[in-house]
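S.K.: Heads up: the protein sequence lines correspond to chains A and B, in order. Using our numbering, you'd call the opening residue of the first sequence number 3 and step up by one each time. Using our numbering, you'd call the opening residue of the second sequence number 1333 and step up by one each time.
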Amino acid sequence: MKLKTKLTLFNAISKLVIVVLFVLLVPVLIKNISRSYVDNNLIKQKNKFLQIVKTRGIKNYIPDGETYGSYYLPLKEEYLTIENDTVPGHFADNIKNERRLVERDTIEYRILSHTFKLNNKQYLLEIGKSIATLDETSTPLQNIAFGVLVIMILLTILADLFYTNRVLRPLGLIIKTKLIGQKFPKFGSYKEVKTSTSDFQYLDISIHQMIETIEAAFQKEREFISNASHELMTPISILQSKIENMFEREDIVDELKVRLLEMQKILNRLKSITKTLLLISQIENEQFLKEDKISISELLQEVNDEISVRLADKNLTFDILIPQDVVLVNVNKFLIFNLFFNLVNNAIKYNKVDGEIVITTEHENGNLIVNITDSGIGISTEDMPFIFNRFKKFRQSMQQDSFGLGLPIVKSIATFHHIKIEVDSVKDLGSNFRLIFPAEVIE
Amino acid sequence: MNVLIIEDEEALAHELEIFLTNHNYVTDVCYNGRSASEKIGTSLYDFILIDLGLPDYDGLDLLKEAKKNNPDAACIILTARAEVYDRVRGLDLGADDYLPKPFSLLELQSRMQAIMRRKFGLKQSIVELGDFLINLTDRVITCGDTAVSSITKKEFDLIAYLILHKNRTLTRTQLSEHIWGSVINDDYDSNYIDAHVKNIRKKLNVYAPPDWLETVRGLGYKVKMNT
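Shown next, in the form of structure tokens:
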């Protein structure tokens, strides 16, 4: 998951949790607050009442001859009763919720009960406040609180989103331009990603330094191979000429000539390796032009002409099932020829007697795909990742006269032309090399 | 035929000298650009072999001088710098051929002969071998009145190369270098030459026995021809 997605998700979830907590807690809180407010109020009223009774006497509230006096507000939301408490020793001073039947309405009240003595008589005072009126005030309060919260949360979410977006943009840019957009081992020039976050600055400069190091190492390797193979050409040339001149001498006996011939063979092997390495380095240094236009079927016919004796040697069938009008443009003919030659040569080398090689084409998403399928010995799964490595030889190919540069040539020619290679193989059944030519080289 | 060899590697220059002298050329050797420039200015040659990698001189400048002072000479560039750019420039400046090092002396000789045929306008080069007439210019083989059409391009290349170096044993390595030299692949030894020769014999035998195509046991093949 991307860092930005993670942060956004965390952001949203944490806000949601806050909202849920709030929704759960607010009614309880508000209820408690309003209850304690009401209770305070009731106690204040009680104290006031007692004060009045003290100074003016109780007669105002209990008419003479009566034992009971009650006073309701017109809508019964509040009431006050006072009565003679006839239960001796009864004592009450509390506040609780109770239902009262008032003129056939059952109303729930918050009721303060208080007993007091006056003129040797015991009285019970009750002051009540309807709970419904309490709720009436707390509900809008809750709604307002909730609304304000939602607005605040939305605002912080927006602010968070905006800020994370802004602060993470350089990271996205680094990933996009420095890591995803890069074609290994060809890197563009360094462009600094503008950011005030020092971690990102450090990341950016570190990636750049690593790229530079890799590039320098690559460049050195390429130069080394190029120089080394060039330097080897002249001594090889001298040895080759010496052997050829000696071979022609009449006075050299056949036994020595056979040994000269062996030397020539070995020198030829050295020469092939050097030439191949030089070719690979020349391709990697882009010293070839891509200006040729070629018909694939004609080119494969040329490959066939070069290689027919090897096909015949193993009695292989070679089918080129490609229409004449499949034409490549902006390619290097010499290189593309060598690409196919090496693939077909491998298909021959690792084939079985009486086997077959089939080459087909198909179009897919604007790309041209050339399939080279053989009925050979195949490539085992554990060898597969290494088949394009230089000088890599596998046990099954040991009996072949090769030095492990066939597929590396194929690989560098393909990379040079932006051709992708996919390999499928089943051990003992055969291999399929899929060349995916990009639209830019198809006519 | 006078040949000027310009090559700073003395060992290689020496081998070139031996080879060409053996094949009846008259040779002059220069190990540096300055002396080569003098020779080019004072003597006339039929062939000038120029190594591009001289320490004191740009080989391409020598080529220009040669074109000016020795306009009839055929110039062949020999170089270890197999860069495409050099090849194009060399041929643009009027070089007749270009041989990247390492090259086979036989290949050099066959290039020189090809240039000679071009320069002297030899229209037809026909060789008689047993009952066969081999036309190297039109690349046709005939036996009596019938043309041998079954011979492939590669097979003809092989016959032509053997004829060019007649009465000399050519090794499989030399032959495969000639006919597959332009292909870069990872076979370092090719025994496919045997298969080619076998096919050639089979195809020619339909018309007449090709006795002139000899196997030299353990060494290679040769075309035997009376001179």
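All C-beta atoms in this analysis are idealised placements derived from N, C-alpha and C, irrespective of residue type, glycine included. Remember, it's a predicted structure, so these values are computed and weren't measured experimentally.
By the 7 Å beta-carbon criterion, what residues does the stretch 335-368 of chain A contribute toward chain B?
M.R.: Listed by position, the residues of the stretch 335-368 of chain A near chain B (Cβ gap below 7 Å) are Asn340, Phe343, Asn344, Asn347.
S.K.: If you measure beta-carbon to beta-carbon, which residues of the stretch 1347-1377 of chain B are closer than 8 Å to chain A?
M.R.: Hits within the stretch, in order: Glu1347, Leu1348, Ile1350, Phe1351, Asn1354.
S.K.: Would you tell me roughly how many angstroms separate the C-alpha atoms of A:Pro65 and A:Asn122, rounded to the nearest one?
M.R.: Their backbone Cα atoms lie some 18 Å apart in a straight line.
S.K.: Beta-carbon of A:Ser433 versus every beta-carbon of chain B: anything under 8 Å?
M.R.: For A:Ser433, the answer is no, since every Cβ of chain B falls outside 8 Å of its Cβ.
S.K.: Would you mind sorting B:Ile1483 into buried or exposed? The rule is 16 or more other CB atoms within 10 Å of its CB.
M.R.: It is buried - the Cβ of B:Ile1483 has at least 16 other Cβ atoms within 10 Å.
S.K.: Select from A:Leu280, A:Pro29, A:Lys8 the residue whose C-alpha is nearest the C-alpha of B:Pro1434.
M.R.: Comparing Cα positions, the closest option is A:Leu280.
S.K.: DSSP beta-bridge partners for B:Ala1406?
M.R.: Paired residue(s): B:Phe1379.
S.K.: Note down, in chain order, each residue of its chain lying with its Cβ closer than 6 Å to the Cβ of B:Gly1283, except the 5 sequence neighbours on either side.
M.R.: For chain B, the structure presents residues 1333 to 1559; residue 1283 of chain B sits outside this window and is missing.
S.K.: Counting contacts by CB-CB distance shorter than 8 Å, is A:Ala314 in contact with chain B?
M.R.: By this cut-off, A:Ala314 is an interface position.
S.K.: If you drop the 5 nearest sequence neighbours on each side, which residues of the same chain put their C-beta closer than 6 Å to that of B:Leu1381?
M.R.: For B:Leu1381, where only same-chain residues beyond five positions count, the Cβ hits under 6 Å are Ile1337, Ile1408, Leu1410.
S.K.: Can you give me the start and stop residues for the beta strand (DSSP E) that A:Asp376 sits inside?
M.R.: Here the beta strand (DSSP E) through A:Asp376 covers 369-376.
S.K.: Give me the chain B residues within the contact set of A:Val372, using Cβ-Cβ distance strictly less than 7 Å, ordered along the chain.
M.R.: Per Cβ cutoff of 7 Å: no residues; A:Val372 is ~19 Å from chain B at best.
S.K.: CB B:Leu1535 to CB B:Glu1546, shorter than 8 Å?
M.R.: The displayed chain sequence assigns Lys, not Leu, to residue 1535 of chain B. Taking 8 Å as the Cβ cut-off, B:Lys1535 and B:Glu1546 do not qualify as a contacting pair.
S.K.: Between the Cα of A:Asn43 and the Cα atoms of A:Gly59, A:Glu85, A:Gly130, A:Thr83, which residue gives the shortest distance?
M.R.: The residue with the shortest Cα to Cα distance from A:Asn43 is A:Gly130.
S.K.: Would A:Gln242 count as contacting chain B if we go by Cβ distances under 8 Å?
M.R.: It does: the Cβ of A:Gln242 has a partner Cβ on chain B nearer than 8 Å.
S.K.: Looking only at its chain, what residues have a beta carbon closer than 6 Å to the beta carbon of A:Leu82, apart from the 5 residues adjacent to it on each side?
M.R.: The answer, listed in chain order, is Tyr73, Ile129.
S.K.: Between A:Glu308 and chain B, is the shortest Cβ-Cβ distance under 8 Å, so that the two count as touching?
M.R.: By this cut-off, A:Glu308 is an interface position.
S.K.: Confirm, please, whether the CB-CB distance from A:Phe390 to A:Pro410 is below 8 Å.
M.R.: Yes. Within cutoff.
S.K.: Where in the stretch 75-113 of chain A do unbroken runs of the alpha helix (DSSP H), each at least 4 residues long, occur, reported from the N-terminal end onward?
M.R.: Listed in chain order, nothing qualifies, since the stretch 75-113 of chain A has no complete alpha helix (DSSP H) run of 4 or more residues.
S.K.: Beta-carbon of B:Lys1534 versus every beta-carbon of chain A: anything under 8 Å?
M.R.: It does not: the Cβ of B:Lys1534 has no partner Cβ on chain A nearer than 8 Å.
S.K.: Suppose the cutoff is 6 Å on Cβ atoms and the five residues either side in sequence are ignored; what does the same chain contact list for A:Glu424 look like?
M.R.: Hits under 6 Å: Arg436.
S.K.: Is it a yes or a no for the stretch 148-155 of chain A touching the stretch 22-42 of chain A, going by three-plus beta-carbon pairs under 8 Å?
M.R.: Flag = yes, the stretch 148-155 of chain A and the stretch 22-42 of chain A touch.
S.K.: Report the option in A:Val372, A:Ala219, A:Arg171 whose CA atom is closest to the CA atom of A:Asp201.
M.R.: Nearest of A:Val372, A:Ala219, A:Arg171 to A:Asp201, Cα basis: A:Arg171.
S.K.: Specify, as a first and last residue, the run of the beta strand (DSSP E) that A:His365 falls within.
M.R.: First-last of the beta strand (DSSP E) with A:His365: 358-366.
S.K.: Mark B:Glu1347 as exposed unless 16 or more other C-beta atoms lie within 10 angstroms of its C-beta, in which case mark it buried.
M.R.: B:Glu1347 comes out buried.
S.K.: Counting only runs of 3+ residues fully inside the stretch 1447-1501 of chain B, write out the beta strand (DSSP E) ranges in chain order.
M.R.: List check, beta strand (DSSP E) in window: 1458-1461, 1464-1467, 1472-1475.
S.K.: List the residues that DSSP assigns as beta-bridge partners of A:Asn434.
M.R.: A:Asn434 is bridged to A:Thr375, A:Asp426.
S.K.: How would you call A:Arg261, buried or exposed, if buried means at least 16 neighbouring beta carbons within 10 angstroms?
M.R.: Flag for A:Arg261 reads exposed.
S.K.: Label A:Arg112 either buried or exposed according to how many other C-beta atoms from any shown protein chain fall within 10 Å of its C-beta, with 16 as the threshold for buried.
M.R.: It counts as buried.
S.K.: According to a CB-to-CB cut-off of less than 9 Å, which residues of the stretch 1488-1512 of chain B neighbour chain A?
M.R.: From the stretch 1488-1512 of chain B, only Arg1500, Thr1501, Thr1503, Arg1504, Thr1505, Gln1506, Ser1508, Glu1509, Ile1511, Trp1512 have a Cβ closer than 9 Å to chain A.
S.K.: If you follow the alpha helix (DSSP H) that A:Glu300 is part of, which residue opens it and which one closes it?
M.R.: Residues 298-315.
S.K.: By the 10 Å Cβ neighbour count, where 16 or more other Cβ atoms means buried, how is A:Phe393 classified, buried or exposed?
M.R.: Exposed, by the Cβ-count rule.
S.K.: Just reading off the alpha helix (DSSP H) that A:Val25 is part of, what are its end residues?
M.R.: Run containing A:Val25: 5-58, per the alpha helix (DSSP H) assignment.
S.K.: In terms of alpha-carbon separation, which member of A:Asn347, A:Lys316, A:Thr383 lies closest to A:Gly406?
M.R.: Measuring from the Cα of A:Gly406, the nearest candidate turns out to be A:Asn347.
S.K.: Is B:Pro1542 close to chain A, meaning its C-beta is less than 8 Å from at least one C-beta of that chain?
M.R.: Taking Cβ atoms only, chain A never reaches closer than 8 Å to B:Pro1542, which makes this a no.
S.K.: Decide yes or no for the touch test of the stretch 330-346 of chain A against the stretch 292-306 of chain A: beta carbon pairs closer than 8 Å, at least 3 of them.
M.R.: They touch, by the three-pair rule.
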